[in-house]
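Read top to bottom, the protein sequences are chains S and X. In terms of the working numbering, the first sequence opens at residue 515 and continues consecutively. In terms of the working numbering, the second sequence opens at residue 2 and continues consecutively.
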Amino acid sequence: MYQNKSLVILILLLGLLIHKYYCKEQTYIHNQAKPLRFHVAEFNFDHVSDVYAITLWILLGSLAKVGFHLSYRLTEKFPESCLLIILGLIVGGLLYITHLAEQKAYVLNSDTFFLFLLPPIILEAGYFMPNRPFFDNLGTILLLAIVNTLFNTVCIGLTIYGFAHTPIFGRTPFDMLSCFVFAALISAVDPVAVLATFTEIHVNDMLYIVVFGESLLNDAVSIVLYRIFDSFAKIGQQNLILMDYVLGALSFFVVSLGGVLIGIIFGVVACFTTKFTEHTPVLEPLIILVYAYLAYLTSEMVSVSGILAITFCGMVMKQYVSFNISKKSDATTEYVLKMLSSIMETIIFMFMGLSTVSDNHSWNTGFVLITILSCLVFRVIGIAIFANLANCWRLLELTRIDMLIMSYGGLRGAIAFSLALILDETKIPRKKEFVTATIAVVFFTVFIQGITIGPLVKCLNVRRKQIEEPTMSAKLTNRMMDHVMTCLEEISGSGGSNSLRDKCRNLDRNYFKRWLLRETPQEKMDIKLLQTFKKINMQSAMKVHDTSKGLVPTPSSAAFHTSTSATNLRPSSTFANFSQLLAANLPEQTVPDLMFFESQGPDHYRDDAQMHHFLDTNLYRAKPR
Amino acid sequence: MGASRSALLPLDEEKSICSETGFTPKQLRRLYVRFQELGKRNPACEFLTREELLDIREVALNPLGQRLVDVIIEDYGEANRINFKQFATVLAQFRRGKAITDLNTKEKKLLFLFSIYDRNHDSKIDRHELLGILKMMVGGNIHDEQIATIADHTIEELDSDGDLTITFEEFCKTLIRIDVDEKMSMKFLN
């Protein structure tokens, strides 16, 4: 506890320091001309001021995160996002009171948000997306993302417009287009907030993917709606003609399909590029990141959905690139993505807290309350309708509890806030009230729903995520079940998702893998099975390496046993020595040394088998289930 | 189309199969149409043979296709062929629906999986049977040694009584973590 307190104080001091220095440039008094002398060292803050501030911000955020995680009790009760927002609020409050900096300096800049802060988070989400649950549930996800978001927008817009005529909102009524613009930006579930919250509560894959997939894919709908209503507001309500409406509807298809197409194209080009990078493995992570970012920027350039583009780019790359690039590059890419996304998330939440403390607000109690209520109510109704609709074709039906978690997990976040900030005040006179209401909704969902969803999940006994150990038997049985079900579906004539998946896999194997991979895979090879085998091999090898402190002999000198003799599976004399060895040395948890993953020679298959025989006789017995 | 085979099931047979398997009449009729479609080479016969099942292209290409057909014909049919009632019984085990009969229980599904391995019906999976399945699934140019080590590793993981074979109970233990009911279900269209 003492450590925590001192760390918190340190952080606050650091925060104050940032802004003191950052703002010093504005109060920097130019000295009068002195006779010139040689200066050994000079203090030149202007030179680095902006970059220094940014870097200190990042440091502050990271230290804050470190500090939060030192206290287990704190992170158990409050999700990280809440703590970061609170930190931002505190620093923002300090700045506001002491007038240390101009407001423009620290209110969230929408350009910064959309161009720098958001893409890494979405890329990481797309790259690590569990493909199988995603495509299994794609119908449901699309239904929710598109139709549910539309439904929410329309309902919330109409409600707000309806209430605008009543005295609840006070003063002058809101006009219809403004209401709909606001509804468009507030009704979309936010992927950043969902990611931040759901990763901490560990629900089962299917539930997570439905909510998260919805939050990713609804970007297309919410962009289109926001843009439509915004443009309509600019055109002016009286000037609209039928063509505008038609084009608006058309733009939905263009935005969503365009985004997906751009993402896939860039992904495929990236994979193709990595086919040739065998001699320059250092560039591989860079290639991946650059292509993905380009996909995002290109989509933003042509006004299609950047989020969809970068998501699908990430998904495509994950499939093929991981086979092409070296193990080191693979590990590096994963780590860099995780690191970038973590930093950006931290900054986003801090900024939200920071930007709250500003003059950009206008509190309207009635409006805020109606907004929050209608968001909640219509989310529940929407999920109830559409989840039941989806249950008609789903193999695995969504239960009532699933639906409750889905409604409860509809968090709003920074995207809504940024969209609210870039509203044009001349065309939408109520901007300040919209901004306030948006912040209120975001805070409500992140704080209240974010904090209580954890206990709710535990209380309702929602199926949690199962952390599977990669055992051969589990993998083998899984693959077997897949094959069996595909076959049975064919025999019974009811083409289910299994046969569709099989068809895709065949297409994949025959065409895409041939073009995009360095070495074409062999016939009928069940790659996943061998990957699991390799993984288990590596782990056992490392265990032996750890415990025997590097005494594993080379394969050539090892006396290897043929696998036909079953007695070798039960090491007798070596075991006794080994247990003594193990008792003496506590096995340490070592970080996988990247050097370990050097690529092996062409006949490493045989060496692999020999090594495994040797290890097999000297290892701990694989844990019996 | 075969004229000598009746286009519809006799009603009482339909009722009895429905009550046993839990299919709705519509689903059953659809299955019957499929059954006749598969047996179109020999329209006079009321049975499906191995060859007719293996005629389905995707079944022939599936790594476990042959083995699956073996299981269906040998365990559920008789004298190398299967009639419609037995056909429906096999498929009923994987029916996903609200009505649970004693056919589509989890245990039956697990037994089905087990019997895919265990072809000599001694209620144990030994190394040889495991190797067979692995070869079918992995296939290709994989060294026999590698496949053998995978098999050994698997047996070691599962075998708790040390006899180097896997009994049904040990087999089920692996599957505790995997949701078998979910994965091995088919939705039969109406």
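Note that beta-carbon positions come from the ideal geometry of N, C-alpha and C, so glycine has one too. Predicted model, so just to flag it, every value in this text is computed and none were measured.
Closer than 7 Å at the beta carbon, the chain X residues around residue i
i: S/THR654; result: Simply none; closest approach about 14 Å.
i: S/PHE1047; result: ILE151
i: S/ILE635; result: Within chain X, no residue comes near S/ILE635; the closest Cβ sits about 30 Å away, beyond 7 Å.
Within chain S, the residues that residue i reaches when beta carbons sit closer than 9 Å
i: X/LEU114; result: THR991, MET994, MET995, VAL998
i: X/ARG82; result: By Cβ distance, chain S contributes nothing, its closest Cβ being about 15 Å from X/ARG82, past 9 Å.
i: X/GLU79; result: Correct list: empty, because the minimum Cβ distance to chain S is about 18 Å.
i: X/LEU69; result: HIS997, VAL998, CYS1001, LEU1002, ILE1005
Any non-hydrogen atom of the ligand NAD closer than 6 Å to residue i Cβ
i: S/PRO633; result: What this structure holds is no ligand at all, so the ligand NAD is not there to describe.
8 Å Cβ cut-off: residues of chain S touching residue i
i: X/ARG42; result: None at all; the shortest Cβ gap to chain S is about 16 Å.
i: X/THR175; result: THR985, SER987, ALA988, THR991, ARG1139
i: X/LEU65; result: MET994, HIS997, VAL998, CYS1001
i: X/ILE117; result: MET994, VAL998
i: X/LEU132; result: What X/LEU132 touches in chain S: nothing, since even the nearest Cβ is about 10 Å away.
i: X/LEU92; result: LEU1002, ILE1005, SER1006
Residue burial classification, residue i (beta-carbon count within 10 angstroms, cutoff 16)
i: S/ALA555; result: exposed
i: S/TRP1029; result: exposed
i: X/TYR78; result: A small fix is needed here, since residue 78 of chain X is Gly in this sequence, not Tyr. Buried, since its Cβ has 16 or more Cβ neighbours within 10 Å.
i: X/MET187; result: buried
i: S/CYS669; result: buried
i: S/ASP996; result: buried
i: X/GLU14; result: exposed
i: S/PHE726; result: buried
i: S/ILE1005; result: buried
i: S/LYS989; result: buried
i: S/ASN1091; result: Confidence in S/ASN1091 is poor, its pLDDT being 40 and thus under 50, which makes the residue's placement too unreliable to answer from.
i: S/VAL796; result: exposed
i: S/ALA1098; result: Because the pLDDT of S/ALA1098 is 40, which lies under 50, any placement of that residue in the model is unreliable, and the number read from its coordinates should be weighed accordingly. Classification for S/ALA1098: exposed.
i: X/ALA80; result: exposed
i: S/LEU1095; result: With a pLDDT of only 41 at S/LEU1095, under 50, the local geometry of the prediction cannot be trusted, and the value read off the model is given with reservation. Under this definition S/LEU1095 is an exposed residue.
i: S/HIS553; result: exposed
i: X/ILE177; result: exposed
Test item: CB-CB of residue i and residue j under 7 Å
i: S/PRO705; j: S/LEU854; result: no
i: X/CYS200; j: X/LEU111; result: The first residue shown for chain X is 2 and the last is 191, placing residue 200 of chain X beyond what the model contains.
i: S/PRO868; j: S/GLY575; result: The residue asked about is misnamed: residue 868 of chain S is Leu in this sequence, not Pro. It is not a contact, given that the beta carbons lie outside the stated cut-off.
i: S/ASN902; j: S/GLU911; result: no
i: S/PHE511; j: S/GLY671; result: No information on residue 511 of chain S is available, as it lies outside the stretch 515 to 1139 that chain S covers here.
i: S/ASN1012; j: S/MET999; result: yes
i: S/CYS827; j: S/GLY781; result: yes
i: S/SER819; j: S/PHE627; result: no
i: S/GLY773; j: S/LEU822; result: yes
i: S/SER888; j: S/THR680; result: no
i: S/ARG908; j: S/ASN718; result: no
i: S/ALA578; j: S/LEU601; result: yes
i: X/ARG73; j: X/ILE126; result: Residue identity check: residue 73 of chain X is Ile in the sequence provided, not Arg. It is not a contact, given that the beta carbons lie outside the stated cut-off.
i: S/ALA747; j: S/LEU691; result: yes
i: S/CYS785; j: S/VAL835; result: yes
i: S/ILE802; j: S/THR847; result: yes
i: S/PHE900; j: S/ASN666; result: no
Assumed close pair residue i, residue j - CB separation to whole angstroms, cut-off 8 Å
i: S/GLY640; j: S/MET829; result: 5 Å
i: X/ASP160; j: X/GLU171; result: 6 Å
i: S/MET920; j: S/ILE897; result: 5 Å
i: S/THR885; j: S/ILE700; result: 7 Å
i: S/LEU632; j: S/ALA806; result: About 13 Å; that fails the 8 Å criterion.
i: S/ARG927; j: S/VAL960; result: The identity of residue 927 of chain S in the sequence shown is Gly, whereas the question assumes Arg. About 7 Å; that satisfies the 8 Å criterion.
Contacts that residue i makes with chain S (C-beta to C-beta distance below 7 Å)
i: X/PHE193; result: Because chain X in this structure spans residues 2 to 191, residue 193 of chain X falls outside the shown range and cannot be described.
i: X/ILE57; result: GLU1004, ILE1005
i: X/LEU54; result: ILE1005
i: X/SER186; result: LEU909
i: X/ILE179; result: ALA988, THR991, ASN992
i: X/ARG30; result: Within 7 Å Cβ-Cβ: nothing; X/ARG30 doesn't reach chain S, min ~12 Å.
i: X/ARG35; result: SER1006, GLY1007
i: X/ASP183; result: Strictly speaking, residue 183 of chain X in this sequence is Glu, with Asp absent from that position. The answer, in chain order, is LEU910.
Where residue i meets chain B, residues with beta-carbon distance less than 8 Å
i: S/ILE1050; result: The question asks about chain B, but that chain is absent: this structure's protein chains are S and X.
Is the number of C-beta pairs between the region 941–954 of chain S and the region 875–887 of chain S that are closer than 8 Å three or more? yes
Using 8 Å as the threshold, is the region 657–669 of chain S in touch with the region 730–750 of chain S, meaning 3 or more CB pairs across them? yes
Assess contact between the region 742–757 of chain S and the region 788–806 of chain S, defined as three or more Cβ pairs (one per stretch) separated by less than 8 Å. Is contact present? no
May I ask you to verify whether the region 737–753 of chain S touches the region 703–722 of chain S, counting CB pairs closer than 8 Å and requiring at least 3? In short, these stretches do not touch, since the Cβ pair count stays below three.
Is there contact here, the region 24–41 of chain X with the region 83–93 of chain X, by at least three beta-carbon pairs under 8 Å? yes
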